[in-house]
Amino acid sequence: MDSLPPEHRHYGTVDKLLRKSVSEGQDFLFDSVKFNEELLNLETKYGFPYDSLVSFLRNLHLHHVKKAAPRVKSTLKGILQRYCDGQSIVALAGQVNYPPYLLSRFLVEEISRHGSNKKSLSATMKHPAAVLKTKEDLKQQYAYSEEVGSNTEDGTRLAAEVLRAIDCDPMYGPSHDRQRHLIGVEYEVLLEYQLKELNIPFETETELRHRGTSRTPDILLSYPLSVEVSTKHGTEWKVVYWIDSKALFGDVDTHRVSVLAQAESYIHRFGPGLVLYWFGHAPLDALEDAQGDISIIGWQLPTRFMLPTGEIITRGKTNVFK
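Count along the sequence shown starting at 1, add 98, and that's the number in the numbering used here.
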């Protein structure tokens, strides 16, 4: 048991703790500083890597947000009134257990004159101080909301409230979206680099789309390879035709809901493949593998590959990201 990595050994415990924090809307979900402190404490206690915890928690929280959105929208009139009476967006977010940034987006859409379409709303959320400068930027019926709540000499109360919501939200907002996108690209580039170092020929998702192929994995191998991976039954050689890079933690729900169906579509088109979770994953016996057609690995590429000729090539076990 002790030979298992911490993310497998303590998966059940950490899963319960994170789910509890999400369902209860605990304070650290509305405070970026407390958020980091809480996850660092969990890392210290359980040895669960910090980046894996961040990804795991966000995966769970996304499910919560999707379920909670209709409830929040249905009560938005009351939330809006409390905001106009002087309550802060961050405090309201805690009361309704919804991310500060996403709640602020709902309110800006209702209150401002810049929420009429998705493009202008997104621009406002990226640069609230520059867009929400005066009362004239608010709809007339909500102008009185500027007279209560947080005081600001420059700009509007609404702009200040949105900026505070962005600052307090540890998981959602323009900077978080940008960071996740860049991390995803970074790991795709790393995967391509490592395959090139091994002289393994492949086509990227971009190249496949340019020639009209839809629903493509990140990497389609030019010929099938066998990879040595851990499975539910021990270490095995598995034939793979493609590799999909996932810059996230592969928890049970995310794997089943988001990744499995996608991977099965690749199996139908190209054959068995490999899903690489760069931030680790749940224990293999808890993850569905499409009757063995999906090989699952965490943190890094397999270290041994077998070519169609039977030749085995080995790469170094270097993983600077863990």
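Yeah, the Cβ is synthetic: ideal placement off N, Cα and C, and Gly gets one too. Computed from a predicted structure; not experimentally measured.
Rounded to a whole number of angstroms, what is the C-alpha to C-alpha distance between residue i and residue j?
i             : j             : result
glycine 271   : serine 202    : 10 Å
leucine 385   : valine 350    : 6 Å
leucine 178   : leucine 205   : 7 Å
cysteine 182  : aspartate 125 : 23 Å
valine 188    : glycine 145   : 31 Å
serine 130    : arginine 276  : 17 Å
valine 327    : glycine 192   : 44 Å
histidine 162 : leucine 116   : 12 Å
threonine 111 : serine 243    : 45 Å
serine 312    : leucine 306   : 8 Å
arginine 413  : histidine 308 : 30 Å
lysine 217    : threonine 304 : 26 Å
proline 168   : glycine 390   : 38 Å
Span of the alpha helix (DSSP H) holding residue i?
i                 : result
lysine 224        : 216–224
glycine 192       : 187–194
phenylalanine 368 : 358–368
tyrosine 144      : 130–144
arginine 262      : 255–266
glycine 176       : 174–182
leucine 306       : 303–308
Are the beta-carbon atoms of residue i and residue j separated by less than 8 Å?
i              : j                 : result
proline 103    : glycine 408       : no
leucine 138    : tyrosine 148      : yes
tyrosine 291   : leucine 319       : no
leucine 289    : serine 343        : yes
leucine 160    : glutamate 208     : no
arginine 211   : lysine 237        : yes
leucine 399    : leucine 374       : yes
threonine 254  : threonine 232     : yes
isoleucine 298 : phenylalanine 403 : yes
isoleucine 317 : leucine 296       : no
tyrosine 240   : tryptophan 376    : no
glycine 348    : valine 355        : no
serine 172     : glutamate 105     : no
Could you have a look at residue i and say whether DSSP puts it in helix, strand or coil?
i                 : result
arginine 107      : helix
phenylalanine 347 : coil
arginine 169      : helix
glycine 282       : helix
serine 153        : helix
arginine 313      : coil
arginine 413      : coil
tyrosine 270      : coil
lysine 231        : coil
If you follow the beta strand (DSSP E) that residue i is part of, which residue opens it and which one closes it?
i              : result
proline 322    : 317–329
leucine 382    : Element bounds for leucine 382: n/a, residue is neither H nor E.
isoleucine 394 : 392–396
glutamate 206  : Strictly speaking, residue 206 in this sequence is valine, with glutamate absent from that position. Valine 206 -> not in any beta strand (DSSP E); alpha helix (DSSP H) instead, spanning 198–209.
arginine 404   : Per the sequence shown, residue 404 should be read as methionine rather than arginine. Its beta strand (DSSP E) spans residues 402–404.
glycine 408    : Counting along the chain, glycine 408 falls outside any beta strand (DSSP E), and DSSP gives it neither H nor E.
Once you ignore the five residues that flank residue i on each side, which residues in its own chain have a CB closer than 7 Å to its CB?
i            : result
proline 226  : Ala257, Val260, Leu261
valine 152   : Leu137
tyrosine 109 : Ala380, Pro381
proline 198  : Phe128, Ile187, Val188, Ala191, Ala263, Cys266, Asp267
arginine 156 : Met269
Could you name the residues of the same chain whose beta carbon sits closer than 6 Å to that of residue i, not counting the 5 residues immediately before and after it, in chain order?
i            : result
tyrosine 364 : Pro315, Trp340, Gly371
tyrosine 321 : Pro406
alanine 166  : Tyr196
valine 194   : Val170
serine 324   : Trp335, Val337, Met404
valine 229   : His212, Thr222
lysine 114   : none
Using C-beta distances below 8 Å, list every residue in its chain close to residue i, excluding the 5 sequence neighbours before and after it, in chain order.
i              : result
lysine 164     : none
isoleucine 387 : The identity of residue 387 in the sequence shown is aspartate, whereas the question assumes isoleucine. Same-chain partners within the cutoff: Thr329, Lys330, Ser393, Ile394.
asparagine 134 : Pro268
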